[in-house]
Structures are given as structure tokens and as C-alpha cells.
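Those letters in the sequence shown? Residues 0 to 54, by numbering that gives the first Met the number 0. Reading through the C-alpha cells given below for one structure.
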Amino acid sequence: MKADIEPLTAAAARAHLTELAALLEDAVDSGASIGFLSPLAPSEATDYYKLLDPG
């Protein structure tokens, strides 16, 4: 199976904010060492992505 990797645009990130936050929360709560401590609250994950949005 071939997977296409595309850059995440700001518009796409805004459109998928809930899903991105859930992915971050799951990664951190599963033990990923990416700069957050578990348990990661959903609001913390959402706030992180909002900080990255230049618009």
C-alpha cells in the first residue's frame, strides 16, 4: 500500500483541530516523549495547536 504525505496547511489544521488534538493527546498518554506530560488534557492539546496557527 502506498501512502501519500502532504504538508499540513493552516486551513487544514484549523479544519481538523479536534482530530489533531486527539492524536496529540493519545500519543502523550501512550508514553510518547514529545515535550508534554501525561495525562494531557484535551484543552491543552487544542491550545497547543491554536498557538501554532499564524492566522
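Just so it is clear, CB atoms sit at the ideal spot from N, CA and C, and this is done for glycine as well.
Looking only at T17, E5 and A10, the smallest Cα-Cα distance to T45 is reached by T17. Here the alpha carbon of V27 sits roughly 27 Å from the alpha carbon of K1. For A20, the closest C-alpha among the options L51, D52 and P41 is that of P41.
Distance from the CA atom of S37 to the CA atom of D3, rounded to whole angstroms, is 31 Å. Secondary structure within the stretch 8–44: not one fully enclosed beta strand (DSSP E) run of 3 or more consecutive residues is present.
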